[in-house]
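Worksheet for the structure shown next.
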Amino acid sequence: MRKLNKKLVLSIVALVMISTLGIGKALGYFTTHTNATGGYKMDLGFTDTKIEEDVDKDGKHVVITNVGDYDCFVRIKVFAADNLKIKYNLGKDWQESDDGYIYYNKVLSSKDKTSELNIKYTLPEVNDDNKDKDYNIVVIQEFTPVVYDDQGNLIANWQQVYETE
Numbered sequence: 001m002r003k004l005n006k007k008l009v010l011s012i013v014a015l016v017m018i019s020t021l022g023i024g025k026a027l028g029y030f031t032t033h034t035n036a037t038g039g040y041k042m043d044l045g046f047t048d049t050k051i052e053e054d055v056d057k058d059g060k061h062v063v064i065t066n067v068g069d070y071d072c073f074v075r076i077k078v079f080a081a082d083n084l085k086i087k088y089n090l091g092k093d094w095q096e097s098d099d100g101y102i103y104y105n106k107v108l109s110s111k112d113k114t115s116e117l118n119i120k121y122t123l124p125e126v127n128d129d130n131k132d133k134d135y136n137i138v139v140i141q142e143f144t145p146v147v148y149d150d151q152g153n154l155i156a157n158w159q160q161v162y163e164t165e
């Protein structure tokens, strides 16, 4: 009888051990979620521009540099006092539009500069009311990244605009 009990006990222990080997996999099968930690920082680059403005007797000279990693389109808007007469020397690369903006006609490649836009101004006649008055010509510059349409053509999406200070 002892011999029978010993065989029975060993069989039960072996059965229990074998059945516990499969429990981990079975529980893993029924797990509905998992947690993970860690990550990797990705640098996808950016698009940004810098405006350079110089003023002399011939006007305000504006050049925009693409300091970002991707190509972009640029435009500017000029604000000045009503009694200050403004005239643009656009050259072949700039175009004045009916919406009040002046658009650069080309794609501005990364690390490239626009051609110069000269904003000529004529001060009003000096009289007692304005002899000590200062005049400002404010240039607002905006850019939008180059995007492609369904046919692969470059387009400017001016609904997605970025301004630089």
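Per the UniProt record's numbering: the sequence shown = residues 1 to 165.
From the three backbone atoms N, C-alpha and C, an ideal C-beta is built for every residue, glycine too.
- Between Val74 and Ile119, the C-beta gap is not smaller than 8 Å, which leaves the two residues out of contact.
- Secondary structure at Asn5: helix, using DSSP grouped into helix, strand and coil.
- The residue among Ile76, Asp112 and Tyr70 with its C-alpha nearest the C-alpha of Glu142 is Ile76.
- Ser11 and Ala36 have their C-alpha atoms some 41 Å from each other.
- A contact is defined here as three or more CB-CB pairs under 8 Å, and the region 142 to 160 fails this definition with respect to the region 80 to 93.
- Shown here for Lys106: same chain residues with a beta carbon closer than 7 Å to its own, the five before and five after excluded, namely Asp93 in chain order.
- Note that the C-beta distance between Thr49 and Thr65 is below 8 Å.
- Here DSSP, grouped into helix, strand and coil, assigns Val13 to helix.
- Between Asp54 and Thr114, the alpha-carbon positions lie close to 14 Å from each other.
- In this structure Glu163 does not touch Ile137 by the C-beta definition: roughly 17 Å separates them, more than the 8 Å allowed.
- When the alpha-carbon of Leu108 is set against those of Ala80, Tyr121 and Asp71, the nearest one is in Asp71.
- With a cutoff of 8 Å on beta-carbon distance, Leu123 and Ile102 are scored as not near each other.
- Contact between Tyr121 and Leu154 does not hold, since their C-beta atoms are separated by about 34 Å, which reaches or exceeds 8 Å.
- A Cβ-Cβ contact shorter than 8 Å links Ser110 with Asp69.
- Distance from the CA atom of Asp129 to the CA atom of Asp82, rounded to whole angstroms, is 15 Å.
- About 42 Å separates the beta carbon of Val126 from that of Thr144, a gap too long to meet the 8 Å contact definition.
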